[in-house]
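Which chain is which? The protein sequence lines are A and B, in order. At position 76 of the first sequence (counting the first as 1) the number is 66 in our numbering, and the numbers step up by one without a gap. At position 341 of the second sequence (counting the first as 1) the number is 331 in our numbering, and the numbers step up by one without a gap. Beta carbons are placed, not taken as given, at the ideal position from N, Cα and C, and that holds for glycine. One structure is given here, and the rest of the page talks about it.
2 protein chains.
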Amino acid sequence: MQKGYLLAPGPTPIPPRVLQAMSASIIHHRVPAFEALMAEVREGLKVVFQTDREVLIFTTSCTGAMEGAVSNFLSREDKAICLRAGHFGERWAEILMSYGVIPVNVDAKYGDPIPAGAVAEALQKNPDAKAVYMQASETSTGVTLPVREIAALVRKRPGTILVVDAITALGVFPLHTDEWGVDVVIGGSQKGLMLPPGLAFAAVSEKGWRMFEASNLPRYYFDYRKELHAVRKNQTAFTPAVSLIAGLKEALRMIRDEGLENVFARHDRCARATRAAMQAIGLSLFATASPSSSVTAVKVPDGIEGGKIVDTLRDKHGITIAGGQGSMKGKIFRIAHLGYVDKFDVITAVAAVEMTLKGLGHPVTFGKGVAAAMNILES
Amino acid sequence: MQKGYLLAPGPTPIPPRVLQAMSASIIHHRVPAFEALMAEVREGLKVVFQTDREVLIFTTSCTGAMEGAVSNFLSREDKAICLRAGHFGERWAEILMSYGVIPVNVDAKYGDPIPAGAVAEALQKNPDAKAVYMQASETSTGVTLPVREIAALVRKRPGTILVVDAITALGVFPLHTDEWGVDVVIGGSQKGLMLPPGLAFAAVSEKGWRMFEASNLPRYYFDYRKELHAVRKNQTAFTPAVSLIAGLKEALRMIRDEGLENVFARHDRCARATRAAMQAIGLSLFATASPSSSVTAVKVPDGIEGGKIVDTLRDKHGITIAGGQGSMKGKIFRIAHLGYVDKFDVITAVAAVEMTLKGLGHPVTFGKGVAAAMNILES
C-alpha cells in the first residue's frame, strides 16, 4: 500500500465533500435547479475575487480564459506590455503574438519578481500600449509580482487596462480586484478553489468593458460579453461542466466557512514553513524576493539530478510535486501548498524531501527541516 | 420523494461506474499514471470515432472544438459552405463569420434534412469553397444529414475539407470517419460518451492537416496541432479536466464491452420506439425524413403551450427533456434516447408524456403510446 499525496501547483487535492458533490447525479443546465446552483456560485466567486463585479465562468483549462483576455480587449497590431518572469509570462506573450498583437516584454531573470518601476518605464516609453499583461503569482518560479503597485500605474491611463493572471493567487493571498482597480482578473478551478481542472473565470472592470467595445479580434467560445449576459441570468453561454460547478458550490462554501482571511493566513503559514524547512535542510530557495504563498521553488543541490528528486518522491513515497518547466527543468523542484493543504501536508512533504535527498546521497540530518516547519506551523 | 430522469440531448445520464471513477482522488496530469490512462482512452476514442487517426482531446464545451475546426483550417476571407438545418448549423455560420470567413449557406426548413444534391450544387457554384461544415445529427431538430454522400462529393476536391459536428452522432449511429473520408469529426463528452460536459474531441485527416498548414487564422488554446503532438505522447497540451478523463476511461470500457454495433442497435431501437409511441399518442413528429437516433423532436399539439409540457414533465414527474431552441421554442419538445439510456427510460418518458398531456387537457388513452414503444423494444 502506498498513500498518494498531491502537492503540485495544480491540480491540487480535492476535499471529500467536493468529490461527493461532483459525483451526485448530473442535472441539466437549463433547469431551475442549475440556476439556483449558479446563483450561489456567482456570489461565492465574488468573495474569492474580492469584487462586486460578475465573475464569468468558462468551461476550459485556464489558458482558454487567458486567450479570451487578449481576444476580447485588443485589436490586431495593438501594442501590449507583457511581464515575463517565467513560463506563464511567456505564455501571455505567445498568445499576444498569435493574435497579431505586438508585445513589449518586460523580463525578469527566472526566480526574480518584476519591480513596478520597470513597468512604469515601459508605460512611459509606450504611451500607446493598450494593456499590461502579468501574473499575480508566477507558478513556474514561485514568485509574486506587485499587482497593487502596477495597478496604481495603469489606473491613471484611461486607454490602458491591467490584465492579471491570478490563477495561483486567488484564494491564496489578497488580491483586491476592485479596491486596487485591476481591470481583468483570471482564475482557474484546480488551484485555490480545490476543484479538478476544467473551469476558468474572469472578472472585468468597466474600463475593460469599454475596451471590449473597441476590440476587433475574432472570438466565439471565449466571448466575454456572451458570458456576462448569461451569468446575469444564472446561466452560462454554452453547456458548462455541470459536475464541476456542483463541486464549486461546495468548495466556495468551505472557503466561506473558513473565512477568506483565514484561508490566506493558512497559505502564508504553510509557505513560510516550507521555505524555512528547505533552508534548514541546507537547500537554496529559487525565489528569494517576493516568494509566493502558493508554491515554493527550491534549487536542486549540486551533484543531484533534479528529475530524480521528483521521480523518487513520486515513485518511492507517493508524493507528487512538480519539477521545473522549460529551461528550469532539472534545476528546480516545486512544492505546492495550495488549496486543500494544511500543516501535516507540509510536514509530509518536508520529511519526504529529507528522505529522498538522503537516498540520493545528499547529506541530510533527518528531522531538521521538519522541525523548522513545525516551529512556524505551531507559532 | 421524486426520482429524477435526465432525457435531454446532453448532458445525458452518467453511469454509476463512471461517477465512481470520476470521484476517485485526483491525479496530476504530468505523471506516468495519467499517461497510462491517456493511452487507454486514446485507443478507446478511435473505436468510437471509427478511425485510425489520433483523436484530439480538448477541455472545453463542444463549441470550443467547433471553433477550432474553423480557426485551424481556414484563412480570413476564405469561403466555406455551411449547412444550416437548425440551431447548430447556424452556430457554424456564426463561428465562420466571427473569423471573417464567408459562409455560403445551404439551408433546410427546420425539421428537414439537407439532400446531398443541394451540397453538390453549392460546391459546383463555389469551386473556391475551402470547406463544408455540417452536422451529422442536428440536435435542435432531431434530423440527420447525409454525411456519407456529402463526404463522397468533397473527397473529389483536393482543396476542400468536410467538417462534421458529430456531437450527437458518435456512439449513437455509424459514422465511418476513415472509410467515408470525413476530414474533421468533432465530438463531445456529454452525449453518447455518457460523461458530464467538459471535454470535446476532434479527429483530422491528412487532407485536413495539409489545410492546417495554409491556414492563417489566430488560435492558441484550440490549436489542433499542439494537441496532436501532445496526444502522441499520451498527454494534452494544457492542463486537462483530469477527472473527466478518468470517467472517460470507464465510459469507453462500457462501450467496448457492449460492442459498438450493439450500442448503435440500442439507440436505433429506443429511437424507433419513441417515434412509434409519439405517433400512437396522436402526436406528429417534427423530423419525418431521416430522424436521428439520438433525439426525437415532437410537435406540440394545437391548443397546448409547449413550455408547459417541458415544465410539467420536470416539476411534476421529475423528467428533464428539452424544449425547442430559438424560433422552435414552444413549438416542439425533444426527448433524447442518447447515451446511458435503455428501454425502461423510453417507457418512462412515454408514460410521462401521456400523463402530462392528459393533465394539460389533451385527449389521451393511457398506455397507447407505451404499448407501441413496448412492441418495438421487445421485437
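Residue i and residue j closer than 8 Å at C-beta
| i | j | result |
| --- | --- | --- |
| V290/A | L(-3)/A | no |
| A263/B | I366/B | yes |
| I271/A | G198/A | no |
| V343/A | G359/A | yes |
| S179/A | L234/A | yes |
| T131/B | F276/B | yes |
| G0/B | G308/B | no |
| P93/A | A70/A | yes |
| T158/A | S51/A | no |
| V154/A | V175/A | yes |
| L218/B | V31/B | no |
Euclidean distance between Cα positions of residue i and residue j
| i | j | result |
| --- | --- | --- |
| K223/B | E25/B | 8 Å |
| D305/B | G297/B | 12 Å |
| A363/A | H327/B | 56 Å |
| V96/B | G107/B | 11 Å |
| E57/B | Y210/A | 7 Å |
| E295/B | S369/B | 35 Å |
| V8/B | M(-9)/A | 24 Å |
| A11/B | S15/A | 14 Å |
| S61/A | S205/A | 8 Å |
| V221/A | T355/B | 43 Å |
| L27/A | Y89/B | 34 Å |
| G177/A | G54/A | 11 Å |
| Y100/A | Y123/A | 17 Å |
| V300/A | A267/A | 17 Å |
| L238/A | A231/B | 14 Å |
| W82/B | I337/A | 53 Å |
| L273/B | L347/B | 10 Å |
| P136/B | A110/A | 60 Å |
| R256/A | M244/B | 43 Å |
| K216/A | A227/A | 6 Å |
| T167/B | D173/B | 8 Å |
| R324/A | L303/A | 12 Å |
| A361/B | K120/B | 49 Å |
| T2/A | A339/A | 14 Å |
| A156/B | Q125/B | 6 Å |
| M87/B | T310/A | 45 Å |
| W170/A | P148/A | 15 Å |
| G351/B | A341/B | 16 Å |
Amino acids of chain A, ordered along the chain, whose beta-carbon sits closer than 8 Å to that of residue i
| i | result |
| --- | --- |
| P5/B | Correct list: empty, because the minimum Cβ distance to chain A is about 11 Å. |
| L(-4)/B | S15, I16, I17, H18 |
Neighbour list for residue i in chain B, Cβ cutoff strictly below 8 Å
| i | result |
| --- | --- |
| M12/A | M12, S13, S233 |
Chain E within 8 Å of residue i, Cβ atoms only
| i | result |
| --- | --- |
| I309/B | You won't find chain E in this structure, because its protein chains are A and B. |
Beta-carbon neighbours of residue i, restricted to chain B and to distances below 9 Å
| i | result |
| --- | --- |
| P291/A | None at all; the shortest Cβ gap to chain B is about 23 Å. |
Chain B contact residues for residue i, given Cβ-Cβ distances below 7 Å
| i | result |
| --- | --- |
| R304/A | V21 |
| E57/A | Y210, Y211 |
Neighbouring residues, chain A, relative to residue i (Cβ below 9 Å)
| i | result |
| --- | --- |
| S88/B | P208, R209, Y210, D213 |
| F228/B | T50, S51, C52, T53, G54, P187 |
| L9/B | M12, S13, A14, S15, I16, S233 |
| Y1/B | Inspection of the sequence shows that residue 1/B is occupied by Pro rather than by Tyr. Per Cβ cutoff of 9 Å: I16, I17, H18, H19, T229, V232, S233. |
Any non-hydrogen atom of the ligand MN within 7 Å of residue i CB
| i | result |
| --- | --- |
| A261/B | This structure simply doesn't include the ligand MN, nor any ligand for that matter. |
(message) Between the region 185 to 193 of chain B and the region 139 to 147 of chain B, can you find at least three pairs of beta-carbon atoms closer than 8 Å?
(response) no
(request) Indicate whether the contact test is met: 3 or more Cβ pairs, each with one atom in the region 65 to 72 of chain A and one in the region 33 to 49 of chain A, closer than 8 Å. (result) no
(message) To be precise: take each residue of the region 230 to 264 of chain A, compare its Cβ to all Cβ atoms of chain B, and keep it if any distance is under 8 Å. Which residues remain?
(response) P230, A231, V232, S233, L234
(request) State whether the region 46 to 54 of chain B contacts the region 191 to 198 of chain B, with contact taken as three or more CB pairs (one from each stretch) at a distance under 8 Å. (result) yes
(message) Tell me whether the region 248 to 258 of chain B and the region 71 to 80 of chain B touch, counting them as touching only if at least three CB pairs, one residue from each stretch, are closer than 8 Å.
(response) no
(request) Evaluate contact between the region 26 to 36 of chain A and the region 100 to 118 of chain A, counting only Cβ atoms and requiring at least three cross-stretch pairs below 8 Å. (result) no
(message) For the region 174 to 186 of chain B, list every residue whose C-beta sits within 7 Å of some C-beta in chain A, in sequence order.
(response) Q180, P186
(message) Against chain B, which members of the region 65 to 85 of chain A pass a CB distance test of less than 8 Å?
(response) E84, I85
(message) Counting only Cβ-Cβ distances shorter than 9 Å, please list the residues of the region 132 to 161 of chain A near chain B, keeping chain order.
(response) none
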